[in-house]
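Undergrad:
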Amino acid sequence: MYCVITAEPIDALEIMRRVRSDADGAVVLFAGVVRDHDAGRPVAGLRYEAYGAMAARKLTDICQSALSQFEVSDIAVAHRVGDLAVGEISVAIAVAAPHRDAAYQASREVIERLKREVPIWKRERYVDGEEAWLEGTVIHPPESS
Amino acid sequence: MYCVITAEPIDALEIMRRVRSDADGAVVLFAGVVRDHDAGRPVAGLRYEAYGAMAARKLTDICQSALSQFEVSDIAVAHRVGDLAVGEISVAIAVAAPHRDAAYQASREVIERLKREVPIWKRERYVDGEEAWLEGTVIHPPESS
Amino acid sequence: MLRVKCLFFAAYREILGTEELELRLPRGSRLAELVELVRSQPGAEALPASLVAAVNYEYALADTVLADGDEVAFIPPVAGG
Amino acid sequence: MLRVKCLFFAAYREILGTEELELRLPRGSRLAELVELVRSQPGAEALPASLVAAVNYEYALADTVLADGDEVAFIPPVAGG
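Protein sequences, first through last, are from chains A, B, C and D.
The first sequence runs 123 to 267 under my numbering.
The second sequence runs 123 to 267 under my numbering.
The third sequence runs -10 to 70 under my numbering.
The fourth sequence runs -10 to 70 under my numbering.
Structure representation (structure tokens):
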């Protein structure tokens, strides 16, 4: 398992290579990429900020939980922080599994939980020069502490 | 759109690069990889054979249908033929889309239909020296011709 | 008479010992009649009871009428991916 | 007294004009009391009515009892991916 928050460009192929072993018949890679628009407004780039220490821990929790929930061999996740241009990879998730069904399911689970639970924020820089923190997902703390 | 049957090693990154455009926020790559076992039996490698002209057409039909069914921007598929060693990519499917849900769904649709409909066959070479054509999926021709 | 090019892949090629046969049938023949002709070839008794064929790259039903020059491929159960 | 390190990210950092504050509270204080103290800081009236915090890297409820040296991060709605 490999979970990092990084300021360096993400190498999707390297993330895939980290997970595959000879017992695996399927690798699913999800790459989130900076789009040139959001809600119809032209975007020039994004800035991602993370609470690094906690984000890495949360990602690790999420991957560990997916590894026990699905029949998958390994999971690797890298999330970028800092300034990104259109076309750059913001997040890459690779899942390797003996069979494809589990690989797809685990991949989906990791990206959905990442978006809901990991302390990362996104500031959009628009083509017109304005900037704004993106409306995010409100965290719901556990019911008992 | 890009659909090929190829005797050359598949470059997953190149397949991904073919589909992404600046309007896309998500790229999903599925890679089928040669496993070292099948149904518990150690596998040394695989040989894939295709009815090349028809396989490329069928793949193209499948991708065109996925492009109209899902909100995706582009799809690229490469399927390998010939002798493959454990760890080599047999098939790579890349889907780019503005949003991830459509990318995952189209990716899944293409691999499922590929496995059911495209005229490709797989011969397993076992570690013990034996070889066998894999039991495949029986095609159901259209109900009217 | 019409001539069709028959292609055999994977296990079927091994059963028949050839990947291609040119067969002749009366004009107006249907796929079902070609299948019977294939079943009369040496070794064909090892073919399965049900055969799927594609005519000019499209999966076809037994009642498909054949034309001169058609390419008919006999498609074993597929196993790509 | 106990000292806790408070961290502010993204929009909250901009609202408060700082990414880190060390605040002091009586022993036995709960997260809810720290939140009140944060709300008394200059500029804090622009914070939303509901605040989510993580204590030592875990999301925590308002009744969580704080300990000396805790790291409490105030987490705006998240938007990774």
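Just so you know, even glycine gets a beta-carbon here, dropped at the ideal spot from N, CA and C.
1. Is residue 235 of chain A near the ligand FMN, with its Cβ less than 7 Å from a heavy atom?
2. Mind checking the stretch 123 to 154 of chain B against chain A and listing, in chain order, the residues whose C-beta falls within less than 8 Å of any C-beta there?
3. Distance, Cα to Cα, residue 259 of chain A vs residue 237 of chain A?
4. For residue -5 of chain C and residue 8 of chain C, what's the separation of their Cα atoms in angstroms?
5. May I ask you to list the residues that DSSP assigns as paired with residue 68 of chain C?
6. Taking residue 38 of chain C as part of the beta strand (DSSP E), name the residues at either end of that continuous run.
7. Where does the unbroken beta strand (DSSP E) through residue 55 of chain D begin, and where does it stop?
8. Are the stretch 173 to 189 of chain A and the stretch 249 to 263 of chain A touching by the rule of at least three beta carbon pairs closer than 8 Å?
9. Please say whether residue 194 of chain B and residue 246 of chain B have beta carbons closer to each other than 8 Å?
10. Take the Cβ of residue 62 of chain C as the centre, count every other Cβ of all protein chains shown within 10 Å, and call the residue buried at 16 or more, exposed below.
11. Beta carbon of residue 233 of chain B, beta carbon of residue 215 of chain B: below 8 Å?
12. So the candidates are B:171, B:189, B:174; which of them puts its Cα closest to the Cα of residue 123 of chain B?
13. Does residue 6 of chain D come out as helix, strand or coil in the three-state DSSP assignment?
14. For residue 167 of chain A, which residues does DSSP report across the bridge?
15. How would you label residue 191 of chain B, buried or exposed, when you count the other beta carbons within 10 angstroms and need 16 or more for buried?
16. Closest to residue 139 of chain B by CA distance: which of B:217, B:163, B:225, B:206 is it?
17. Got a sec: is the Cβ-Cβ distance from residue 41 of chain D to anything in chain A below 8 Å?
18. Can you tell me where the alpha helix (DSSP H) holding residue 135 of chain B begins and where it ends?
19. Would you kindly work out how many angstroms separate the C-alpha atoms of residue 146 of chain A and residue 155 of chain B, rounded to a whole number?
20. Suppose you measure from the CA of residue 203 of chain B to the CA of residue 213 of chain B; what does that come to, to the nearest Å?
21. Relative to the C-alpha of residue 45 of chain C, which candidate in C:34, C:57, C:35 has its C-alpha closest?
22. Can you tell me the Cα-Cα spacing of residue 55 of chain C and residue 11 of chain C, whole angstroms?
23. Measure from the alpha carbon of residue 1 of chain D to the alpha carbon of each residue in D:59, D:69, D:32, then state which is nearest.
24. When burial is assigned at 16 or more other CB atoms within 10 Å of the CB, is residue 150 of chain B buried or exposed?
25. In terms of alpha-carbon separation, which member of B:142, B:157, B:168 lies closest to residue 148 of chain A?
26. Rounded to the nearest angstrom, what separates residue 128 of chain B and residue -1 of chain C at their Cα positions?
27. With respect to the alpha helix (DSSP H) encompassing residue 183 of chain B, which residues constitute its N-terminal and C-terminal limits?
28. Compute the beta-carbon to beta-carbon distance between residue 205 of chain A and residue 251 of chain A, rounded to the nearest angstrom, for a pair I have assumed lies under 8 Å.
29. So what does DSSP say about residue 229 of chain B, is it helix, strand or coil?
30. In whole angstroms, what separates the C-alpha of residue 28 of chain D from that of residue 209 of chain B?
31. DSSP on residue 78 of chain D, reduced to helix/strand/coil?
32. When Cβ atoms are compared, which residues of the stretch 180 to 209 of chain A fall closer than 8 Å to chain B?
33. Starting from residue 211 of chain A, find everything on chain D with Cβ-Cβ shorter than 9 Å and list it in chain order.
34. What are the start and end residues of the beta strand (DSSP E) that includes residue 202 of chain B?
35. Classify residue 53 of chain D: buried if its beta carbon has 16 or more other beta carbons within 10 angstroms, exposed otherwise.
36. Work out the CA separation of residue 21 of chain C and residue 267 of chain B for me, nearest whole Å.
TA: Well, looking at it:
1. As far as ligands go, the structure on display features none, and thus does not contain the ligand FMN.
2. From the stretch 123 to 154 of chain B, only 134, 135, 138, 142, 144, 145, 146, 147, 148, 149, 150, 151, 152, 153, 154 have a Cβ closer than 8 Å to chain A.
3. The alpha-carbon atoms of residue 259 of chain A and residue 237 of chain A are separated by roughly 8 Å.
4. Roughly 8 Å separates the two Cα atoms.
5. In DSSP, residue 68 of chain C forms no bridge with anything.
6. Membership of residue 38 of chain C in any beta strand (DSSP E) is not indicated, and neither H nor E is assigned to it by DSSP.
7. For residue 55 of chain D, there is no enclosing beta strand (DSSP E), as DSSP gives it neither H nor E.
8. The stretch 173 to 189 of chain A, when compared against the stretch 249 to 263 of chain A, does not touch it at the 8 Å Cβ threshold.
9. Taking 8 Å as the cut-off, the Cβ atoms of residue 246 of chain B and residue 194 of chain B do not count as close.
10. Per the 10 Å Cβ criterion, buried.
11. Taking 8 Å as the Cβ cut-off, residue 233 of chain B and residue 215 of chain B qualify as a contacting pair.
12. Looking at the Cα atoms, B:189 is the closest of the given residues.
13. Three-state DSSP puts residue 6 of chain D in coil, outside helix and strand.
14. Listed as beta-bridge partners of residue 167 of chain A by DSSP are A:207, A:247.
15. If you draw a 10 Å sphere on the C-beta of residue 191 of chain B, you find fewer than 16 other C-beta atoms in it, and that means exposed.
16. Closest by alpha carbon: B:217.
17. Yes, contact with chain A.
18. From DSSP, the alpha helix (DSSP H) with residue 135 of chain B extends over 134 to 141.
19. Distance between the alpha carbons of residue 146 of chain A and residue 155 of chain B is about 7 Å.
20. In this structure, the alpha-carbon of residue 203 of chain B lies about 9 Å from that of residue 213 of chain B.
21. Of C:34, C:57, C:35, the residue nearest in Cα terms is C:57.
22. If I take the Cα positions, the gap works out to 14 Å.
23. Measuring from the Cα of residue 1 of chain D, the nearest candidate turns out to be D:32.
24. In the assembly as shown, residue 150 of chain B is a buried residue. Its beta-carbon has 16 or more other beta-carbons within 10 Å.
25. Nearest C-alpha to residue 148 of chain A among B:142, B:157, B:168: B:157.
26. Separation of residue 128 of chain B and residue -1 of chain C (C-alpha to C-alpha, rounded to the nearest whole angstrom) is 17 Å.
27. Its alpha helix (DSSP H) spans residues 174 to 191.
28. So it is not a contact: roughly 15 Å between Cβ atoms.
29. In the structure shown, residue 229 of chain B sits in a helix (DSSP, three-state: H, G or I).
30. Their backbone Cα atoms lie some 57 Å apart in a straight line.
31. A question about residue 78 of chain D goes unanswered here, because the residues of chain D that appear run from -10 up to 70.
32. Residues 208, 209.
33. Chain D residues near residue 211 of chain A: none, gap ~11 Å exceeds 9 Å.
34. Unbroken beta strand (DSSP E) run through residue 202 of chain B: 196 to 202.
35. Under this definition residue 53 of chain D is a buried residue.
36. Residue confidence for residue 267 of chain B is low, a pLDDT of 37 falling below 50, so the modelled location carries little weight; the figure read from the coordinates is stated next. Answer to the nearest angstrom: the Cα atoms are 13 Å apart.
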